[in-house]
Amino acid sequence: MEQFNLFQTLQPLVKEILAAIEHISPDRKLKLEALAQLIANHLQKHKKADLTFICTHNSRRSHLSQVLAQTAAFHFGVESFTCYSGGTEATACNPRTVRAFRRAGFSIVDSTGGDNPRYWLQFAEQARPMELWSKIYDQEGNPSQNFIAVMTCSHADENCPLSPEAADRFSLNFEDPKSSDDTPQEAAVYDQRLREIGAEMFFLMSYVSKSIH
């Protein structure tokens, strides 16, 4: 398999994330291993796996999870794996999330402007850019069947009905960085959440890679 590399600007982030994996709790690792097995089963049965990360507004945690899981899949050579995101309501991809991606070394540009802009994000020259914007989880363009729905916040988990077309539903809640908005700690909290989610997504995709290769 041909090996491609992430942007050089992302190498410091990847080094931090890989080092942080050892700090993931044993209980959390068991949860991630269960999700990894679901993904591996989809890849083996359907020759592809689609994940939709869902939080209430599709503005912070679901986008962080979507991007970092797709980046991790690329890093570990997991193919035919596509990440999506959505919310129980649509708002906008929060600009604080966008700034956190930029600080981390991702290439991200606003392609439309407006109240709910669409951003193009890229993590490697050979990887197709990802389009990020806030949308309902079942909006056209997101998978409608045989996908794994990953709930990233408890509110969405409690209030998202989801259609029966979802093959599996999985809870993987993360702490909302929104609590730091407009405080001196804002950037640090968003950066920390990005790295925490990144560590879990890299652990997840490493496990998937070992299961299928």
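Using the numbering used here, you'd call the opening residue of the sequence shown number 328 and step up by one each time.
Virtual Cβ for every residue (Gly too), placed ideally from N, Cα, C.
Which same chain residues, not among the five before or five after Pro339, have their C-beta less than 8 Å away from its C-beta? As a position in the sequence shown, residue 339 is number 12, starting the count at 1. If we look at Pro339 and ignore the five residues flanking it on each side, its Cβ neighbours are Gly432.
Of all the options Ser386, Thr379 and Ala515, which has the alpha carbon lying nearest to the alpha carbon of Ser461? By one-based count along the sequence shown, residue 461 stands at place 134. When only C-alpha atoms are compared, the closest one is Ser386.
Out of Thr415, Leu391 and Phe408, which one is the CA nearest neighbour of Arg423? Here residue 423 is taken as the residue at index 96 of the sequence shown, counted from 1. Answer by Cα proximity: Leu391.
Once DSSP output is grouped into helix, strand and coil, what is the label at Glu329? The count along the sequence shown starts at 1 and reaches residue 329 at position 2. Residue placement at Glu329 is flagged as unreliable, the pLDDT there being 46, under the threshold of 50; a coordinate-derived value is accordingly withheld.
Check whether the Cβ atoms of Ala347 and Val535 sit closer than 7 Å, and answer yes or no. Numbered from its first residue, the sequence shown carries residue 347 at position 20. Numbered from its first residue, the sequence shown carries residue 535 at position 208. Going by C-beta atoms, Ala347 is not nearer than 7 Å to Val535.
Start-to-end residues for the alpha helix (DSSP H) that takes in Ile366: Reading the sequence shown from its first residue, position 39 is the one you call residue 366. Looking at the DSSP string, the run of the alpha helix (DSSP H) that includes Ile366 is Pro353 to His373.
Helix, strand or coil for Leu499 per DSSP? Along the sequence shown, read from residue 1 onward, the residue named residue 499 stands at position 172. Three-state result, Leu499: coil.
Is it buried or exposed, Ile377, if we count other Cβ atoms within 10 angstroms and call 16 or more buried? One-based indexing of the sequence shown puts residue 377 at position 50. In the sequence under discussion, the amino acid at residue 377 is Asp, which differs from the Ile named in the question. Buried, because 16 or more other Cβ atoms sit within 10 Å of the Cβ of Asp377.
Contact check, Gln397 vs Ser412, beta carbons under 7 Å: For the purposes of this step, residue 397 is identified with residue 70 of the sequence shown, where counting begins at 1. For the purposes of this step, residue 412 is identified with residue 85 of the sequence shown, where counting begins at 1. Their beta carbons are not under 7 Å apart, which means Gln397 does not touch Ser412 by this criterion.
Closest residue to Leu521 among Ile366, Cys382, Lys356 and Arg429 (Cα-Cα distance): Locating residue 521 in the sequence shown gives position 194, where the first residue counts as 1. The residue with the shortest Cα to Cα distance from Leu521 is Arg429.
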